[in-house]
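Residue numbers (this note's numbering): 69 to 335. Backbone N, C-alpha and C fix where the C-beta goes; we use that ideal spot for every residue, glycine too. Read through the structure below, which is laid out as structure tokens, and then see the notes.
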Amino acid sequence: MKAVILAGGYGTRISEESGVRPKPMVEIGGKPILWHIMKIYSYYGINEFVICCGYKGHMIKEYFANYCLHNSDVTFDMRKNSMEVHRNNTESWKVTLVDTGEGTMTGGRLKRVQQYVGDETFCLTYGDGVSDVDIAAAIEFHKAQGTMATLTAVQQPGRFGAFNLSSEATRINQFQEKPTGGEMPWINGGFFVLEPGVFDYIEDDSTTWEREPMEQLAKEGELSAYRHTGFWQPMDTLRDKHVLEELWQKNEAPWNVWCRMLSNAKN
Numbered sequence: 069m070k071a072v073i074l075a076g077g078y079g080t081r082i083s084e085e086s087g088v089r090p091k092p093m094v095e096i097g098g099k100p101i102l103w104h105i106m107k108i109y110s111y112y113g114i115n116e117f118v119i120c121c122g123y124k125g126h127m128i129k130e131y132f133a134n135y136c137l138h139n140s141d142v143t144f145d146m147r148k149n150s151m152e153v154h155r156n157n158t159e160s161w162k163v164t165l166v167d168t169g170e171g172t173m174t175g176g177r178l179k180r181v182q183q184y185v186g187d188e189t190f191c192l193t194y195g196d197g198v199s200d201v202d203i204a205a206a207i208e209f210h211k212a213q214g215t216m217a218t219l220t221a222v223q224q225p226g227r228f229g230a231f232n233l234s235s236e237a238t239r240i241n242q243f244q245e246k247p248t249g250g251e252m253p254w255i256n257g258g259f260f261v262l263e264p265g266v267f268d269y270i271e272d273d274s275t276t277w278e279r280e281p282m283e284q285l286a287k288e289g290e291l292s293a294y295r296h297t298g299f300w301q302p303m304d305t306l307r308d309k310h311v312l313e314e315l316w317q318k319n320e321a322p323w324n325v326w327c328r329m330l331s332n333a334k335n
């Protein structure tokens, strides 16, 4: 299974960082938040990624172009103009980086990578948020629901797409992006599991995934919600970055599931 990551936005709410780099490349613990997201998926056996680049996308491409070099022991033979890799500490990732345009909306970005996704179930998430969501459980839940799309529902007050979800329900019958007035307890936390049929709901570059496509999927009973009551944190502002950085430095980062696995194995 592939994971598509939306990494092309301007990140205007964290302009202190995004003015010099794309938001997915803002670092937590010395690594881009994009790397953290990929490590979460990799922990659950998903190692093939399609990155939707846009604003300053060349920096993301350069990061992966040099990834092996920066994470390996190497010998350079200047006379022969050759390089020998002695110890490779890189992950077994296959990363496709696609220029989806600077001004393209989220739905348009997804539509532009359709050829790289193929005709199989795939994951989709945003390039600026981390969580300890159980990806494997979310995928199994999606398969059991039989719907075209499943999002991860999280409880967080704020600025994201919201919907009503009763205690027994698993289907969403009304979705509204960034609602005004009233409070809705469940919000769109990303970490989607999708069927390739969702591409038919996207018209062009101007389509926002969280609006027409998701609203229509909800109306048709094709949008399910996987409830996640654990940790979830977007990196929208500099304050959010500081929160994540502090958790990482204290070795208390809940999304660091790959290190917990190593720690449990040692114990």
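In terms of DSSP beta bridges, what is residue i paired with?
i, result
"Trp300", "Ser199"
"Trp323", "Its beta-bridge partners do not exist; DSSP assigns none."
"Ser140", "Asn156"
"Lys70", "Glu116"
"Glu95", "Pro100"
"Ala75", "Cys121"
Considering just the uninterrupted stretch of the beta strand (DSSP E) at residue i, what are its terminal residues?
i, result
"Arg295", "291-295"
"Phe117", "116-121"
"Ile128", "Ile128 -> not in any beta strand (DSSP E); alpha helix (DSSP H) instead, spanning 125-133."
"Glu152", "150-156"
"Asn179", "In the sequence as displayed, the identity of residue 179 is Lys instead of Asn. Where Lys179 is concerned, there is no enclosing beta strand (DSSP E), although the alpha helix (DSSP H) it sits in stretches over 174-180."
"Val88", "Taken as a continuous stretch (DSSP letters only), Val88 belongs to no beta strand (DSSP E), as it is neither H nor E."
"Thr164", "162-167"
"Thr218", "217-222"
Within the continuous alpha helix (DSSP H) that includes residue i, where are the two ends?
i, result
"Thr309", "The sequence shown places Lys at residue 309, rather than the Thr named in the question. 306-317 is the extent of the alpha helix (DSSP H) around Lys309."
"Met106", "101-111"
Where does residue i sit, in a helix, a strand or coil, going by DSSP?
i, result
"Leu192", "strand"
"Lys334", "Its pLDDT being 47, under 50, Lys334 is placed unreliably in this model, and the value from its coordinates should be taken loosely. Residue state, collapsed to three classes: helix."
"Asn232", "coil"
"Ile240", "coil"
"Glu208", "helix"
"Val185", "helix"
Taking 8 Å as the threshold (C-beta atoms), are residue j and residue i in contact?
i, j, result
"His210", "Thr220", "no"
"Ser292", "Thr189", "no"
"Asn115", "Ser150", "no"
"Val261", "Ala206", "yes"
"Tyr123", "Tyr184", "no"
"Ile119", "Ile105", "no"
"Gly394", "Thr276", "Residue 394 is absent from the model: the chain starts at 69 and stops at 335."
"Phe243", "Met303", "no"
"Thr187", "Pro264", "It is worth fixing the name first, because residue 187 is Asp in this sequence and not Thr. Contact: yes."
"Ser199", "Gly113", "no"
"Leu165", "Phe144", "no"
"Asp141", "His154", "yes"
"Ile108", "Glu313", "no"
"Cys136", "Ala75", "no"
"Val337", "Ile255", "As shown, the chain starts at 69 and ends at 335. That puts residue 337 outside it, with no answer to give."
"Leu102", "Gly195", "yes"
"Asp22", "Met173", "Beyond the ends of the chain as shown, which are 69 and 335, falls residue 22; an answer cannot be given."
"Asn232", "Ala286", "no"
"Glu290", "Glu245", "no"
"Val72", "Cys191", "yes"
"Asn157", "Asn139", "yes"
Can you confirm whether residue i, when its beta carbon is compared against all beta carbons of chain D, has any partner nearer than 8 Å?
i, result
"Leu312", "Given the protein chain composition of this structure (a single chain), no chain D is represented."
**OP:** Could you name each continuous beta strand (DSSP E) segment of 3 residues or more that falls completely within the segment 245-284, going from the start of the chain to the end?
**Re:** 254-256, 260-262
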